[in-house]
Amino acid sequence: MTDADWLSQIQQHPDKLFLPGAMLMKYGPSDYVGAAFAFTGTLFFDGAHEKNVRDQICDCFDEYVAVAGGHLTWLWREEPPTGPAVQPFAEAKPMRKLAAELHDDNLFSFCYTGGTQKDDASPYMFNVSGERGWKARKKSRKSLSALVFSLPILPVEQNPLVLLHLFYSFAKRLKPLHGFAGHSLVMTPSRIDENEPTQAFMAGKMVGLDVGDSVFMSGRLRGGFKTVSWLTALGTELLSRVGSVDDLRQELPPSWYAFYDYGAGLIIQSGAKPDIGPVELGLPPAYVLTNNALKAARIQEFETFHGTSHDGEPRIMGAAADAWLRRLDVEPDEILAYKAKLLNEPKLGIANTR
């Protein structure tokens, strides 16, 4: 299928990008949107209890609203000190005002979505969860804060720079330890457990698809990055594990890879556009080569990306979690073949780079 065919399919059948709630649960499906295909940017960072970082998060949200604000319909908050846990976006105070009301020991939690019903998943989402101040001040602290934003498939397919510009700008502001941006299946934030099987099933068919709940996983991702994607951000400490920038440039040729310095690390763009990686087409060569160049800085193991199965429905945990983590790994003697495959991939140009 050509890019033009793919875009035509999206335009003619936009409903196919939305999946019913609890689709693979024994009692499902349910009458709400459980998951939506989208492009997602994810950043893991420190300091969300500090006022200056909270101000930067609010600036990120303002940028996101400038792109997607007309589509936001709901605000979810976890443990708000005042006000409801969920309310219509139109009735909510601006994020900056709500943030100013929080003590640094309050949970910094805001999840904006664009669903029709409050439980509907949407390709429009801005979700941030920040560590509490008292936890951040503990010497043994391990958790990271996480910011996840998403955009619909069609506008990014038509103009990948929309995703690139937001991800780069957010990285400049938040100075993440690591992060990534690419294809995802966004689950409704209010009913994650019963939609994880849908995500697990789809991830088995598309290796470029992200999995798991980044907020839930943030406590276990200080030691390394989770995955490469179209955009992969590595902070300076993780970069030091994989060699110099010059070393990376030798491994990742400029016709297919771009490098962006965000002040506290580097963003690597792998390919002209995001690749969802249909399994029948083989592993995406641009992602395989990035993964090979960076995997010394990847998290060594991850017990589970999903919760426990209730009735045998698919979940990515145990051996399946390890397999997903290593899904882009190939043998050293295969790297040359993937470099040859890369020659057939679209090259970078002014339409898809900063």
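Residue 5 in full-length UniProt numbering is what sits at position 5 of the sequence shown, and the numbering runs on without skipping anything. Using N, Cα and C, we set each Cβ at its ideal position, and we do this for glycine too. Keep in mind the model is a prediction, meaning the values are calculated, not measured.
Comparing C-alpha positions only, which one of Y338, S309, S190, A171 sits nearest to A146?
The option with the nearest alpha carbon to A146 is A171.
Which term fits V215, buried or exposed, when burial requires 16 or more other beta carbons within 10 angstroms of its beta carbon?
Flag for V215 reads buried.
Among the residues of its own chain, which have a CB less than 7 angstroms from the CB of W324, if the five just before and after it don't count?
Excluding positions up to five away in sequence, the list reads A203, V211, F305, I316.
Could you name the residues of the same chain whose beta carbon sits closer than 7 angstroms to that of L342, not counting the 5 residues immediately before and after it, in chain order?
These residues qualify, in order along the chain: W256, P285, A286, L289.
From the DSSP secondary-structure annotation, give me the bridge partner or partners of R298.
BP columns for R298 point to F225.
Output needed for G219: all residues of its chain with C-beta closer than 7 angstroms, excluding positions within five of it in sequence on either side, in chain order.
Cβ neighbours of G219 beyond the five flanking positions: K142, S143.
Compute the distance between the beta-carbons of P123 and V186, then report whether it is under 9 angstroms.
Going by C-beta atoms, P123 is nearer than 9 angstroms to V186.
Only counting runs of 3 or more residues, tell me where the beta strand (DSSP E) segments fall wholly within the stretch 23 to 90, in order along the chain.
Complete beta strand (DSSP E) runs here, min 3: 30 to 45, 74 to 76, 86 to 88.
Would you mind sorting W74 into buried or exposed? The rule is 16 or more other CB atoms within 10 Å of its CB.
Result: buried.
Report yes if the C-beta distance between A181 and L221 is below 9 angstroms; otherwise report no.
Result no, Cβ atoms of A181 and L221 do not sit closer than 9 angstroms.
When the Cα atoms are used, what is the spatial distance from T198 to L281?
Each residue's alpha carbon lies about 21 angstroms from the other.
Inspect the beta-carbon positions of G265 and H183 and report whether they are closer than 9 angstroms.
No; because the gap between Cβ atoms is not below 9 angstroms, this pair is not in contact.
When we look at the beta-carbon of S8 and count the other beta-carbons within 10 Å, is it buried (16 or more) or exposed?
The residue in question, S8, is exposed, as its Cβ has fewer than 16 Cβ neighbours within 10 Å.
With DSSP as the reference, label N127 as helix, strand or coil.
Reduced to three states, the DSSP call for N127 is strand.
Helix, strand or coil: how does DSSP classify P14 here?
Three-state DSSP puts P14 in a helix.
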